[in-house]
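A.B. asks: Quick one: structure below, then a few questions.
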Amino acid sequence: MSNLLDILQETADPDSTKLSKILNLSVEEVDSQIEALRQDGSLIGWVPLVHPSKKDSNLVRAVIEVKISPEREGGFDRLAHRIAKFEEVEACHLMSGGYDLLVIVQGKNLHAVASFVSERLSTIEGVLSTATHFLLRSYKEHGHLLSQEGGISEKPPVSA
Amino acid sequence: MNPSDFVADHVKSLPRSGIRDFFAIVSEMPQAISLGIGEPDFVTPWKIREASIFALEQGKTSYTDNRGLLSLRKEISKYVTSFFGPEYDPQSEVLVTVGVSEAIDIALRAILNPGDKVLYHEPCYVSYAPSVTLAHGEAIPVGTIPEQSFSLDPEAFEKAWQPGCKILLLNFPTNPTGGTADRSKLERLAKFAVEKDLIVISDEIYAELTYEGEHVSIAELPGMKERTILLHGFSKGFAMTGFRVGFACGPDWLVEAMMKIHQYCMMCAPILSQEAAVEALRNGTDDVIRMRDQYQKRRDFIVRRFNEIGLECHLPRGSFYAFPSVKAFGLNEVDFCHRLLREQEVAVVPGTAFGDHGEGHVRASFSTSYEKLVKAADRIECFVNTIRSEAGEESAAV
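Listed in order, the protein sequences are those of chains A and B. So that you can map any letter, position 75 of the first sequence is 74 in numbering that gives the first Met the number 0, and since no number is skipped, the others follow by simple counting. So that you can map any letter, position 290 of the second sequence is 289 in numbering that gives the first Met the number 0, and since no number is skipped, the others follow by simple counting.
Take a look at the structure:
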């Protein structure tokens, strides 16, 4: 993995000036490396991680277990890609076990998610069944705990 | 009543810690970026914390064997053999202590008679000389120098030796310099220790945080296990400072002597910390490597920046401290730190807090996030430029 990608994953901060200092490169070199990583598909995009309580409070998320029938050529890929392209779909993964796709969906409200499942997802040819579970509360997102751990502020600012 | 009559003379003689003075000032400045912290910025890995919580849930709230839980001593014995080399019997040659600090204290008290002398290298961790004084010994500092990256210099120890020396007190990798000790130097020192019949107390708390070369313990060298107390713990490598758990490994007669003091003054290390330590040794070594790799990257960054700025800085081969020189700026290290804190709100610790041999240097911990390190380095650069322009104005005026 490139040094840049390594540091980006740790700092999660695309500030070229800061990165240039850490990596001992010019800002232009950092920009050009970031562009190269985008071009070769290594760097897909940036996601600001917003605490769920600060988002639009009506947003509803659901995890959907989807069973689909594989196709002679391509297996699950064509259907999985088709489902993943819906803008309501946040994530889509092929799974081992009792179902095939794990689809995470976000909607304005319960009704919007229900409509997506019943009218769009279930009606796709090849989708055999769906089981929808609504998310009630999140405790950790992308490696970040959503509640601050206590006690850290007690650490002395200078110690031996 | 004269309060002074009721404080023992040797306690009165102890100097106030330079760290404490500085701590008082930095505490008033919560917005300052502190590179003065002598502990990991990582929280203890969750699996280790969880093991302690589980132990609490299971009702493990009692004392343990004075020597520590047997399960922990067995894990320590295995770990020490695999990481440091020598084999120790968990029944008689391992003692679990309340951090390495307690282990140093009881080792010194177990060995020293009043007036016995202890050779130790400086700059060093703040407690060594005071611990010797508290054990009624005489501490004899031996300087390590920037030209040798503050690494072990056996010749300096040989020159400093005098009749009455009983102990060599070592700490490699070193807080605050990051100095290390290579095998050939340790071999020469070991020969000297045998020749002069010295006991070695070797505090190897930063052993896992060695970035270049192998960590060599003096205890693994031929003939040294019988005259060495190897001290280690969980605070630095495993990021468990608050658990206060460490250990001593050594010959059974010396461990037994230390045990006598430990049982009367400490009873045992807290059981919940010992349970956490068992988990750390069984399943936490991957976390140690992950954290060490992070420290190494941050070290490379901050040392490069210091040298760019003009703070001459050797590459510390261990620990998480850089120890740059500030001699080029016409300020002593204490004034440098105070002005840097006041003018740019960055805290680094004056080198003399770690002994007179730290003169002209400051300690900067790189156990902090990239973001803070980048900001701190920029601010230090600003500060250094201010000092340079002041010096320029003065010389122009002359």
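We treat Cβ as the ideally placed atom computed from N, Cα and C, and that holds for glycine.
With respect to the beta strand (DSSP E) encompassing residue 129 (chain A), which residues constitute its N-terminal and C-terminal limits?
C.D. replies: For the purposes of this step, residue 129 (chain A) is taken as the residue at position 130 of the first sequence. 126-133 is the extent of the beta strand (DSSP E) around residue 129 (chain A).
A.B. asks: With burial defined as no fewer than 16 other Cβ atoms inside 10 Å of the residue's Cβ, what is the status of residue 196 (chain B): buried or exposed?
C.D. replies: In the second sequence, counting from the first residue as 1, residue 196 (chain B) sits at position 197. Label assigned to residue 196 (chain B): exposed.
A.B. asks: Hey, does residue 29 (chain A) have any beta-carbon neighbour from chain B nearer than 8 Å?
C.D. replies: Sequence index remark: in the first sequence, residue 29 (chain A) carries index 30 (1-based). False, the Cβ-Cβ gap to chain B never drops below 8 Å.
A.B. asks: Can at least three beta-carbon pairs, one atom from the region 53-70 of chain B and one from the region 349-358 of chain B, be found at a separation below 8 Å?
C.D. replies: no
A.B. asks: At which residue ranges does the region 281-369 of chain B contain complete alpha helix (DSSP H) runs of 4 or more residues, listed in the order of the chain?
C.D. replies: 284-308, 332-343
A.B. asks: Bridge partners for residue 227 (chain B) per DSSP, in chain order?
C.D. replies: Taking the second sequence and counting its residues from 1, the one referred to as residue 227 (chain B) is at position 228. DSSP output for residue 227 (chain B) lists B:199 as bridge partner(s).
A.B. asks: So what does residue 32 (chain B) bridge to, in DSSP terms?
C.D. replies: Position 33 of the second sequence, counted from the start, is the residue given in the question as residue 32 (chain B). According to DSSP, residue 32 (chain B) bridges with B:345.
A.B. asks: What are the start and end residues of the alpha helix (DSSP H) that includes residue 38 (chain A)?
C.D. replies: Numbered from its first residue, the first sequence carries residue 38 (chain A) at position 39. Residue 38 (chain A) -> alpha helix (DSSP H) spans 26-38.
A.B. asks: Taking three-plus beta-carbon pairs below 8 Å as touching, is the region 1-14 of chain B in contact with the region 144-164 of chain B?
C.D. replies: Not touching, per the Cβ criterion.
A.B. asks: Within 10 angstroms of its Cβ, does residue 65 (chain A) collect 16 or more other Cβ (buried), or is it exposed?
C.D. replies: On the first sequence, position 66 is the one that residue 65 (chain A) refers to. Looking at its Cβ environment, which holds 16 or more other Cβ atoms inside 10 Å, residue 65 (chain A) is buried.
A.B. asks: Using a 10 Å radius around the Cβ and a threshold of 16 neighbouring Cβ atoms, would you call residue 231 (chain B) buried or exposed?
C.D. replies: Within the second sequence, the letter at position 232 stands for residue 231 (chain B). Buried.
A.B. asks: Using beta-carbon positions only, say whether residue 120 (chain B) and residue 185 (chain B) come within less than 8 Å of one another.
C.D. replies: Your numbering for residue 120 (chain B) matches position 121 in the second sequence. Your numbering for residue 185 (chain B) matches position 186 in the second sequence. No, the pair does not count as a contact, with Cβ atoms beyond the cut-off.
A.B. asks: Given a cut-off of 8 Å on the beta-carbon distance, is the pair residue 103 (chain A) and residue 60 (chain A) in contact?
C.D. replies: Looking up residue 103 (chain A) in the first sequence gives position 104. Looking up residue 60 (chain A) in the first sequence gives position 61. Against a cut-off of 8 Å, the Cβ pair of residue 60 (chain A) and residue 103 (chain A) comes out as a contact.
A.B. asks: Cβ closer than 9 Å: which chain A residues qualify as neighbours of residue 303 (chain B)?
C.D. replies: The sequence position of residue 303 (chain B) within the second sequence is 304, counting from 1. Neighbours of residue 303 (chain B) on chain A, chain order: 23.
A.B. asks: Return the chain-ordered list of same chain residues with a C-beta closer than 8 Å to the C-beta of residue 91 (chain A), the five sequence neighbours on each side being excluded.
C.D. replies: Numbered from its first residue, the first sequence carries residue 91 (chain A) at position 92. The answer, listed in chain order, is 79, 82, 83, 100, 101, 102, 103.
A.B. asks: Output the distance between the C-alpha atoms of residue 136 (chain B) and residue 112 (chain B), rounded to the nearest integer angstrom.
C.D. replies: Mapped onto the second sequence, residue 136 (chain B) falls at position 137. Mapped onto the second sequence, residue 112 (chain B) falls at position 113. The alpha-carbon separation between residue 136 (chain B) and residue 112 (chain B) amounts to approximately 7 Å.
A.B. asks: Excluding the 5 residues preceding and the 5 following residue 93 (chain A) in the sequence, name in chain order all residues of the same chain whose CB lies nearer than 7 Å to its CB.
C.D. replies: As a working note, residue 93 (chain A) is residue 94 in the first sequence. Same-chain partners within the cutoff: 75, 79, 99, 100.
A.B. asks: How many angstroms separate the CA atom of residue 399 (chain B) from the CA atom of residue 181 (chain B)?
C.D. replies: The structure shown has nothing for residue 399 (chain B), since chain B only spans 0 to 397.
A.B. asks: Between the alpha carbons of residue 72 (chain A) and residue 365 (chain B), how many angstroms are there, rounded?
C.D. replies: Position 73 of the first sequence holds residue 72 (chain A). Position 366 of the second sequence holds residue 365 (chain B). Each residue's Cα considered, the two are about 54 Å apart.
A.B. asks: Relative to the C-alpha of residue 67 (chain A), which candidate in A:1, A:126, A:154, A:139 has its C-alpha closest?
C.D. replies: The sequence position of residue 67 (chain A) within the first sequence is 68, counting from 1. For residue 67 (chain A), the nearest C-alpha among the options comes from A:126.
A.B. asks: Quick one: what's got a C-beta closer than 6 Å to residue 202 (chain B)'s C-beta in the same chain, skipping five residues either side?
C.D. replies: Taking the second sequence and counting its residues from 1, the one referred to as residue 202 (chain B) is at position 203. 99, 170, 230.
A.B. asks: Indicate whether residue 225 (chain B) and residue 46 (chain B) have their beta-carbon atoms separated by less than 8 Å.
C.D. replies: Here residue 225 (chain B) refers to the residue found at position 226 of the second sequence. Here residue 46 (chain B) refers to the residue found at position 47 of the second sequence. Contact flag unset, no.
A.B. asks: Would you mind sorting residue 39 (chain B) into buried or exposed? The rule is 16 or more other CB atoms within 10 Å of its CB.
C.D. replies: One-based indexing of the second sequence puts residue 39 (chain B) at position 40. With 16 or more Cβ atoms within 10 Å of its Cβ, residue 39 (chain B) is classed as buried.
A.B. asks: Express the C-alpha separation of residue 143 (chain B) and residue 255 (chain B) in angstroms, rounding to a whole number.
C.D. replies: One-based indexing of the second sequence puts residue 255 (chain B) at position 256. One-based indexing of the second sequence puts residue 143 (chain B) at position 144. Cα to Cα, residue 255 (chain B) sits roughly 33 Å from residue 143 (chain B).
A.B. asks: For residue 72 (chain B) versus residue 275 (chain B), is the C-beta spacing smaller than 8 Å?
C.D. replies: Residue numbering aside, residue 72 (chain B) sits at position 73 when the second sequence is read from its first letter. Residue numbering aside, residue 275 (chain B) sits at position 276 when the second sequence is read from its first letter. Inclusion of residue 72 (chain B) and residue 275 (chain B) in the CB contact set at 8 Å is not warranted, their separation being larger than that value.
A.B. asks: Report yes or no: is there a C-beta of chain A within less than 8 Å of the C-beta of residue 124 (chain B)?
C.D. replies: Stepping through the second sequence from its first residue, residue 124 (chain B) is reached at position 125. Output row for residue 124 (chain B): interface = yes.
A.B. asks: Please report the straight-line C-alpha distance between residue 114 (chain A) and residue 86 (chain A), rounded to a whole angstrom.
C.D. replies: For this step, residue 114 (chain A) is matched to residue 115 along the first sequence. For this step, residue 86 (chain A) is matched to residue 87 along the first sequence. For residue 114 (chain A) and residue 86 (chain A), the distance between alpha carbons rounds to 14 Å.
A.B. asks: Give the range of the beta strand (DSSP E) segment to which residue 157 (chain B) is assigned.
C.D. replies: Position 158 of the second sequence, counted from the first residue, corresponds to residue 157 (chain B). Note, residue 157 (chain B): premise wrong, no beta strand (DSSP E); alpha helix (DSSP H) at 153-159.
A.B. asks: Indicate whether the contact test is met: 3 or more Cβ pairs, each with one atom in the region 384-395 of chain B and one in the region 32-47 of chain A, closer than 8 Å.
C.D. replies: no
A.B. asks: In angstroms, rounded to a whole number, what distance separates the CA positions of residue 338 (chain B) and residue 307 (chain B)?
C.D. replies: One-based indexing of the second sequence puts residue 338 (chain B) at position 339. One-based indexing of the second sequence puts residue 307 (chain B) at position 308. The straight-line gap from Cα to Cα measures roughly 20 Å.
A.B. asks: Please identify, using Cβ separations under 7 Å, the residues of the region 338-368 of chain B that lie next to chain A, in order along the chain.
C.D. replies: 346, 348
A.B. asks: Give the interface partners of residue 114 (chain B) over in chain A, defined as CB-CB distance under 8 Å, in chain order.
C.D. replies: Translated into positions along the second sequence, residue 114 (chain B) becomes position 115. Within chain A, no C-beta atom comes nearer than 8 Å to that of residue 114 (chain B); the closest sits roughly 27 Å away.
A.B. asks: Answer with buried or exposed for residue 286 (chain B), where buried requires no fewer than 16 other C-beta atoms within 10 angstroms of its C-beta.
C.D. replies: Here the question's residue 286 (chain B) lines up with position 287 in the second sequence. Under this definition residue 286 (chain B) is a buried residue.
A.B. asks: If you follow the beta strand (DSSP E) that residue 182 (chain B) is part of, which residue opens it and which one closes it?
C.D. replies: As a position in the second sequence, residue 182 (chain B) is number 183, starting the count at 1. Residue 182 (chain B): not part of any beta strand (DSSP E); member of the alpha helix (DSSP H) spanning 182-194, first to last residue.
A.B. asks: Residues of chain A with a CB under 8 Å from the CB of residue 117 (chain B): which are they?
C.D. replies: Within the second sequence, numbered from 1, the residue matching residue 117 (chain B) stands at position 118. Near residue 117 (chain B) there are no residues of chain A at all, since even the closest Cβ is about 19 Å away, more than 8 Å.
A.B. asks: In chain B, what lies closer than 7 Å to residue 17 (chain A) by C-beta?
C.D. replies: Residue numbering aside, residue 17 (chain A) sits at position 18 when the first sequence is read from its first letter. Those are 373, listed as they occur along chain B.
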